[in-house]
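Enquirer: Add 1373 to the 1-based position in the sequence shown for my numbering, that's all there is to it.
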Amino acid sequence: MPTGIPSLDPILEGGVPPGSLILLFGDLGAGSYEFTYSSIVNSLNLMKGTVAVGTIVPKEIRYITFTRMKEDVQHEITSSFRADGLEELVKTIRFDDLSDLYFDNSVVPDEWYSHSNVITRLQKRSSQDSILLKLANIIDGISPGSLLILDSVTDVANQSALPNFWHNLTGFLRGLQRISKQRGITTYILLSRGILDSSQERELEDIVDAVLLFKWEETSGARRQRVMYFEKFRGVMPHLEERDLVKFAVRISASGGFEVSNIRVVI
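What follows is the structure in structure tokens.
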């Protein structure tokens, strides 16, 4: 399945194995969201056109958020790129907003995140559905062969100190890894660095099939450069390392979206 990044897919010999669970992990502003948005926009274009034999395009694109509104994500995507008809194209993304469940046990006033009436909110709070159970129910209804975005594990990471939460989260992700393989659902999981402690970050990296690390690096003249590393990619990494294709310079533009070029370090 193509990532939708034109400068990256040829390096990956067309894309990623369908059913891959991919962790987009990195520094703030280093490119993980731009990667996601570029992948979505270009995948939407592929879905409405003709593709080469052997290319697998998503059956649907499902975007699940824990704290953000659908309209906010749509606006961020459409304002990031210059493309005709993009607003109508973005409307075809299926959104699921779990903010009601996320905020229900917080001090945030109901009126800030919910438009339901008081009775409905009280009934919802009295139910036993956890945010992970609701997430599992949504994913269970996603069409096989789809592209799924979880935005983001960062939002739920602050609950990792609650009793059993971390165990439940890692168990859920291990289950997601299995069902993604069975149904060919390719999943991007967004996570910011530094939210979890290093052992928890390593555990998540161990669960997923691929880890794309987005970082800021200092360059000459005290300038900063976005870079992307393939820290891990099951079944793909040996082919990348054979050609020294594991570290990339990143460029982001309104016309081209997320673009990469390989950095070769000579020692």
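Virtual Cβ for every residue (Gly too), placed ideally from N, Cα, C.
Note that the structure is predicted; figures quoted are calculated from it, not measured.
(1) To the nearest angstrom, how far is the alpha carbon of valine 1633 from that of glutamine 1598?
(2) Who are the Cβ neighbours of threonine 1470 in its own chain at under 7 Å, not counting the five residues just before and after it?
(3) To which residues of the same chain is glutamine 1501 closer than 8 Å at the C-beta, ignoring the five residues directly before and after it?
(4) Where does alanine 1622 fall in DSSP's three states?
(5) Taking all protein chains shown into account, do 16 or more other C-beta atoms lie within 10 angstroms of the C-beta of asparagine 1415, making it buried, or fewer, making it exposed?
(6) Between the region 1504-1519 and the region 1428-1435, do three or more beta carbon pairs fall short of 8 Å?
(7) Does the Cβ of threonine 1376 have 16 or more other Cβ atoms within 10 Å, making it buried, or fewer, making it exposed?
(8) Kindly give me the distance between the Cβ atoms of phenylalanine 1631 and valine 1600, rounded to whole angstroms, as I take these residues to be in contact under 8 Å.
(9) How would you label glycine 1458, buried or exposed, when you count the other beta carbons within 10 angstroms and need 16 or more for buried?
(10) So, with DSSP's three-state summary, where would you put glycine 1458?
(11) Since I believe valine 1623 is in contact with glycine 1404 (beta carbons under 8 Å), could you give me their beta-carbon distance rounded to a whole number of angstroms?
(12) Mind checking which residues open and close the alpha helix (DSSP H) that includes glutamate 1615?
(13) Going by DSSP, which residues form a beta bridge with tryptophan 1589?
(14) Pop quiz: glutamate 1553 and threonine 1543 are said to be a contact at Cβ under 8 Å. What is the actual Cβ separation, rounded to whole angstroms?
(15) Less than 8 Å between C-beta atoms, sequence neighbours within five positions excluded: which residues of the same chain meet that for glutamine 1496?
(16) Can you tell me whether glutamate 1604 is helix, strand or coil according to DSSP?
(17) Let's test the definition: count the other Cβ atoms within 10 Å of the Cβ of leucine 1396 and tell me whether it reaches 16, buried, or not, exposed.
(18) Report the three-state DSSP secondary structure of asparagine 1541 (helix, strand or coil).
Expert: Well, looking at it:
(1) 12 Å
(2) Residue identity differs from the one stated: residue 1470 is aspartate in this sequence, not threonine. Thr1438, Met1442 and Lys1443.
(3) Interpretation of glutamine 1501 is limited by its pLDDT of 35, a score under 50 that renders its predicted location unreliable; the figure taken from the coordinates is listed afterwards. Here the set comprises nothing.
(4) strand
(5) buried
(6) yes
(7) buried
(8) About 13 Å; that fails the 8 Å criterion.
(9) exposed
(10) coil
(11) 5 Å
(12) 1610-1615
(13) Arg1599
(14) Per the sequence shown, residue 1553 should be read as serine rather than glutamate. Their Cβ separation, rounded to whole angstroms, is 15 Å, which puts serine 1553 and threonine 1543 out of contact at 8 Å.
(15) At glutamine 1496 the pLDDT is 47, less than 50, meaning the model places this residue with poor confidence and gives no usable figure here.
(16) strand
(17) buried
(18) helix
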